[in-house]
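Going by the numbering used here, the sequence shown opens with residue 731, and the numbers climb by one from there. Remarks on the structure that follows.
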Amino acid sequence: MKNNSIKTIFTAGLTAAILDIAGAIIVYAFILDISTAQKVLQSVAAGALGKPAFTGGWSTAIAGLGFHTLIALCFAAFHYIIYPYWKKVFTNAWVAGFIYGCVVWGVMNLIVLPVISGKPFVFNLKFFLYGIGLIIFLVGIPISLITDKMRRDI
731 MKNNSIKTIF TAGLTAAILD IAGAIIVYAF ILDISTAQKV LQSVAAGALG
781 KPAFTGGWST AIAGLGFHTL IALCFAAFHY IIYPYWKKVF TNAWVAGFIY
831 GCVVWGVMNL IVLPVISGKP FVFNLKFFLY GIGLIIFLVG IPISLITDKM
881 RRDI
């Protein structure tokens, strides 16, 4: 990979990771008041560590932040790879980001989380709207806009 590839992936991935986790904490810990910042982060760690993640204090919360960042970097890298083809279909980076956010939400909620937790996805309109909104506006669109601006080989 070229330096610009790595820079683009890290810029897009880290931006999405920061925005998304901040958004999740604001929504679930403060707006809906159904969790805490620590538990939001621990719930991410629980994907890898299981239920003990919730008893590990801030150490497992920080591990959750690491896992969250790694996942965001993977989605940014995947977007970087598909970008030349994606751009042919979605010429507007905002629209592309909106659609990519929907794809990311679907992959995470319909495939990854059910496989990791062993529980099927259960639809809840309120949580669907919060969740997909966060992913579209804080992950999909930022990754798309950053990749569109920084990728120079197309």
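A virtual CB, placed ideally from N, CA and C, is assigned to each residue, including glycine. Nothing here was measured: the structure is a model prediction, and the numbers come from that model.
Roughly how many angstroms separate the alpha carbons of Ile841 and Ile829, rounded to a whole number? What you label residue 841 is simply residue 111 of the sequence shown in a count that begins at 1. What you label residue 829 is simply residue 99 of the sequence shown in a count that begins at 1. If I take the Cα positions, the gap works out to 17 Å.
Using 9 Å as the threshold, is the C-beta distance between Ala775 and Ala793 below it? The residue you call residue 775 lines up with position 45 of the sequence shown. The residue you call residue 793 lines up with position 63 of the sequence shown. Their beta carbons are under 9 Å apart, which means Ala775 touches Ala793 by this criterion.
Is there contact here, the segment 742–749 with the segment 796–816, by at least three beta-carbon pairs under 8 Å? yes
Given a cut-off of 9 Å, decide if Tyr813 and Asp750 are closer than it, judged by their beta-carbon atoms. The residue you call residue 750 lines up with position 20 of the sequence shown. The residue you call residue 813 lines up with position 83 of the sequence shown. Result no, Cβ atoms of Asp750 and Tyr813 do not sit closer than 9 Å.
Using 8 Å as the threshold, is the segment 783–798 in touch with the segment 817–833, meaning 3 or more CB pairs across them? no
Of the listed residues Asn733, Val845, Met880, Lys856, nearest to Val757 (C-alpha basis): The residue you call residue 757 lines up with position 27 of the sequence shown. Per the Cα distances, Lys856.
Rounded to the nearest angstrom, what separates Ala754 and Phe820 at their Cα positions? Here residue 754 corresponds to residue number 24 of the sequence shown, with the count starting at 1. Here residue 820 corresponds to residue number 90 of the sequence shown, with the count starting at 1. Each residue's Cα considered, the two are about 27 Å apart.
Would the segment 771–787 count as touching the segment 848–863 if we require 3 or more Cβ pairs under 8 Å? no
Taking Ala752 as part of the alpha helix (DSSP H), name the residues at either end of that continuous run. By 1-based counting over the sequence shown, the position of residue 752 is 22. 733–755 is the extent of the alpha helix (DSSP H) around Ala752.
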